[in-house]
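There are 2 protein chains.
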Amino acid sequence: MHFNAFTVPDIPLVERGDDLAEIICKNIRLCDHDIVVIASTVVAKAEGRVTPLAAIAPSNRAITIAERNEGDPRVVQAVLDESEDIILESPFLLVKTRNDNICVNAGIDGSNIDSGRIVLLPEDPDGSAKNIREAIFSITAKTVSVIITDTNGRAFRGGQIGVAIGISGITPTRDWRGSRDLFGNVLEVANEAIVDEIAATANLLFGEGSDGTPVVVVRGLDFYVKAEGVRELYFPESDDVVRDALVRG
Amino acid sequence: MHFNAFTVPDIPLVERGDDLAEIICKNIRLCDHDIVVIASTVVAKAEGRVTPLAAIAPSNRAITIAERNEGDPRVVQAVLDESEDIILESPFLLVKTRNDNICVNAGIDGSNIDSGRIVLLPEDPDGSAKNIREAIFSITAKTVSVIITDTNGRAFRGGQIGVAIGISGITPTRDWRGSRDLFGNVLEVANEAIVDEIAATANLLFGEGSDGTPVVVVRGLDFYVKAEGVRELYFPESDDVVRDALVRG
């Protein structure tokens, strides 16, 4: 078994209103069941999710948090605005975004954008993935899977890795439970989060700031299925032991 | 930019004393700077890290934990024996292994082994990776990177993904900090945990129970460097906010 992963060449600097599907299809010949992995930054830019810092008036709360964490109060305000729930204020701002993803700073990125502007996450990453997948089908008649990624830190392990925040044409996990291993034992291995593993794979090629080469195609893994949405990957609050401990903390 | 990932064919069932480097080199022609990714299960088996459940006498503590978590007290005892620190007893047993990796059940795997035996993690995964890398060099004169992987759950996200637990000939992270993005901004992006991203990449090909095809080669990403060990990826306790909250729980 094998697969290839490669960057889509010649993606220009993306701006508000750009048609990502069109840009991708112009620069690469896609095949059925390719997995098209896109850094959230360019999806956000195409959707105009860019805010000038000067337009943000930080609240007292944002100013307090920013002082404690040695951050920019305007960025903190933007994070608060994008969040449904604040899990940890310090030493870093850990939030649940309005899309139910728990991450630091609501995924807001201050790099790869002209000085003085920040890039938010796409408003509805699952919806963005679906739109791009459908637009690719309109242009090429190819059925592909689409994964939109962010880069997140992890509990217990340093560094950051690519994760899926919006998906279409693929399910978040594959389930080995119930199948049998080489010895005939029933496997108890739980769900494998394939969309996150594919996001990590693509992140190896995205390069600096996810902008020089923000689109990667993974070819040879056939995970295409008519399905939408990443959210089943996020724990219901009642099951989330770590969130619980941090909030009680 | 692109890379390929492929399974090494014809890996037999691995038993104590088997020479993994020899088995791998017999079945694939390696190139300089290939990344050889190996599921920890087969490394553990080659090293004889397999224990018959019947040989384990569970302590009272193991019996209590097993009752609460609806587990097997002998498996719980094996987990306690492999652990340096218990972070959470319930609803699952989250521990720090003697190799400083924080994971559920000390990575002990009850699948893919003849009924009645469990597979522990390799005793010293960084050492195992180094030995395999050096043995591959002895056989082929090729300098490769070696990554030994486990499959771990994550905070905040359901499902499990491949992670690196032992490495050789590669550094755990690459650091974008200080380099500049397309707009000339200095990137603040922290370390990218490339060894975990490569482990996730390989996990997509390992297949059921990581045993049918437990060795994957990633070719085309050149991360080779003379370096040893994954441990700098693990937070010092003083910096580990999540561990702290769980222990105080």
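Those sequence lines, one after another, are chains A and B. Position in the first sequence counted from 1, then plus 384, gives you this note's numbering. Position in the second sequence counted from 1, then plus 384, gives you this note's numbering. Heads up, the beta-carbon is just placed ideally off N, CA and C, and yes, glycines get one too.
- Message: Against Ile532/A, what residues of chain B qualify as contacts under a CB-to-CB distance less than 9 Å, listed in chain order?
- Response: Within the first sequence, the letter at position 148 stands for residue 532/A. Residues of chain B whose Cβ lies closer than 9 Å to the Cβ of Ile532/A do not exist; the shortest such Cβ separation is about 15 Å.
- Query: From which residue to which residue does the alpha helix (DSSP H) around Arg445/A run?
  - Reply: Mapped onto the first sequence, residue 445/A falls at position 61. Arg445/A -> alpha helix (DSSP H) spans Asn444 to Asn453.
- Query: How long is the line joining the alpha carbons of Val662/A and Glu399/B, rounded to whole angstroms?
  - Reply: This structure gives no information on residue 662/A, because the portion of chain A shown stretches from 385 to 633.
- Message: Please report the straight-line C-alpha distance between Lys610/B and Ser552/B, rounded to a whole angstrom.
- Response: Your numbering for residue 610/B matches position 226 in the second sequence. Your numbering for residue 552/B matches position 168 in the second sequence. About 8 Å.
- Which residues in the same chain as Pro436/A place their Cβ atom closer than 8 Å to its Cβ, once the five residues preceding and following it in sequence are excluded? Here residue 436/A corresponds to residue number 52 of the first sequence, with the count starting at 1. Cβ within range, chain order: Gly500 and Arg501.
- Query: Smallest Cα separation from Ala389/A: which of Ile582/A, Ile395/A, Thr527/A and Asp623/A?
  - Reply: On the first sequence, position 5 is the one that residue 389/A refers to. When only C-alpha atoms are compared, the closest one is Ile582/A.
- Rounded straight-line distance, which links the Cα of Arg541/A to that of Asp402/A: Taking the first residue of the first sequence as position 1, residue 402/A is located at position 18. Taking the first residue of the first sequence as position 1, residue 541/A is located at position 157. If you take the alpha carbons of Asp402/A and Arg541/A, they lie about 37 Å apart.
- Query: Do you know offhand how far Cys409/B's Cα is from Thr425/B's?
  - Reply: Numbered from 1 along the second sequence, position 25 holds the residue referred to as residue 409/B. Numbered from 1 along the second sequence, position 41 holds the residue referred to as residue 425/B. When rounded, the distance between both Cα atoms is 19 Å.
- Task: With DSSP as the reference, label Gly491/B as helix, strand or coil.
- Result: Here the question's residue 491/B lines up with position 107 in the second sequence. In this structure, Gly491/B counts as helix in the three-state DSSP scheme.
- Task: In the DSSP assignment, find the beta strand (DSSP E) that holds Phe390/B and state where it starts and stops.
- Result: Looking up residue 390/B in the second sequence gives position 6. Residues His386 to Thr391.
- Can you tell me whether Arg517/B is buried or exposed, with buried defined as 16 or more other CB within 10 angstroms of its CB? Here residue 517/B corresponds to residue number 133 of the second sequence, with the count starting at 1. Buried, because 16 or more other Cβ atoms sit within 10 Å of the Cβ of Arg517/B.
- Message: On a Cα-Cα basis, can you pick out the residue from Tyr608/B, Lys429/B and Cys487/B that is closest to Arg538/B?
- Response: In the second sequence, residue 538/B corresponds to position 154, counting from 1. Cα-wise, what sits closest to Arg538/B is Cys487/B.
- Query: Can you tell me the Cα-Cα spacing of Phe387/B and Asn536/A, whole angstroms?
  - Reply: On the second sequence, position 3 is the one that residue 387/B refers to. On the first sequence, position 152 is the one that residue 536/A refers to. When rounded, the distance between both Cα atoms is 23 Å.
- Per DSSP, what kind of secondary structure is Lys526/A in: helix, strand or coil? Your numbering for residue 526/A matches position 142 in the first sequence. It is coil, neither helix nor strand.
- Query: List, in order along the chain, the chain B residues whose C-beta lies closer than 8 Å to that of Val460/A?
  - Reply: In the first sequence, counting from the first residue as 1, residue 460/A sits at position 76. Within 8 Å Cβ-Cβ: nothing; Val460/A doesn't reach chain B, min ~15 Å.
- Query: So what's Asn587/B in DSSP terms, helix, strand or just coil?
  - Reply: Counting from 1 along the second sequence, the entry for residue 587/B is found at position 203. Asn587/B: helix per DSSP, three-state reduction.
- Message: Would Phe521/A pass as an interface residue toward chain B - the criterion being a Cβ-Cβ separation below 8 Å?
- Response: Here residue 521/A refers to the residue found at position 137 when the first sequence is read from its first residue. Chain B contact via Cβ: absent.
- Query: Would a C-beta distance cut-off of 8 Å place Ile419/B and Pro598/B closer than the cut-off?
  - Reply: Taking the first residue of the second sequence as position 1, residue 419/B is located at position 35. Taking the first residue of the second sequence as position 1, residue 598/B is located at position 214. The answer is no: Cβ separation not under 8 Å.
- Task: Return the first residue and the last residue of the alpha helix (DSSP H) that Pro620/B is part of.
- Result: Within the second sequence, the letter at position 236 stands for residue 620/B. Note, Pro620/B: premise wrong, no alpha helix (DSSP H); not H, not E.
- Measure from the alpha carbon of Val530/B to the alpha carbon of each residue in Pro396/B, Asp394/B, Ile395/B and Val427/B, then state which is nearest. As a first step, residue 530/B is located in the second sequence; it is residue number 146 there, counting from the start. Nearest C-alpha to Val530/B: Val427/B.
- Item | Rounded distance between the beta-carbons of Gly543/A and Glu576/B, thought under 8 Å | For this step, residue 576/B is matched to residue 192 along the second sequence. For this step, residue 543/A is matched to residue 159 along the first sequence. Yes, they are in contact, since the Cβ atoms of Glu576/B and Gly543/A sit about 6 Å apart, within 8 Å.
- Query: What's the gap between the Cα of Ile578/A and the Cα of Ile492/B?
  - Reply: For the purposes of this step, residue 578/A is taken as the residue at position 194 of the first sequence. For the purposes of this step, residue 492/B is taken as the residue at position 108 of the second sequence. Each residue's CA atom was taken as its position, placing Ile578/A and Ile492/B some 22 Å apart.
- Query: What's the C-alpha gap between Asn639/A and Asp469/A?
  - Reply: In the structure as shown, chain A starts at 385 and stops at 633, and residue 639/A therefore has no counterpart that could be examined.
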